[in-house]
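Numbering (this note's numbering), first residue to last: 417 to 473.
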């Protein structure tokens with residue numbers, strides 16, 4: 417599970433925002449790759465939305 421917690425400083429706001437955008441694009445590409453080729457990532461379980469059976473996790 418990936419979570420994001422950001423604490424901004426006034427002088428670093430632009431740099432952090434740029435980093436966040438780059439990181440989000442990176443994560444989106446990785447997730448898309450995992451969804452398209454789940455056989456390559458057998459160690460990752462795909463959970464679709466809130467409707468999942470937590471007993472199977």
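By construction, the Cβ of each residue, glycine as well, lies at the ideal position given by its N, Cα and C atoms.
Query: Per-residue DSSP class, three states only, for residue 367; Result: Because residue 367 is not part of the residues shown, which for the chain are 417 to 473, the question remains open.
Query: Cβ shell of residue 451 (< 8 Å), same chain only, five flanking positions each side left out; Result: 462
Query: Proximal residues to residue 457 (C-beta, below 7 Å), its chain only, five neighbours per side dropped; Result: 450
Query: Coarse secondary structure for residue 459, derived from DSSP in three states; Result: coil
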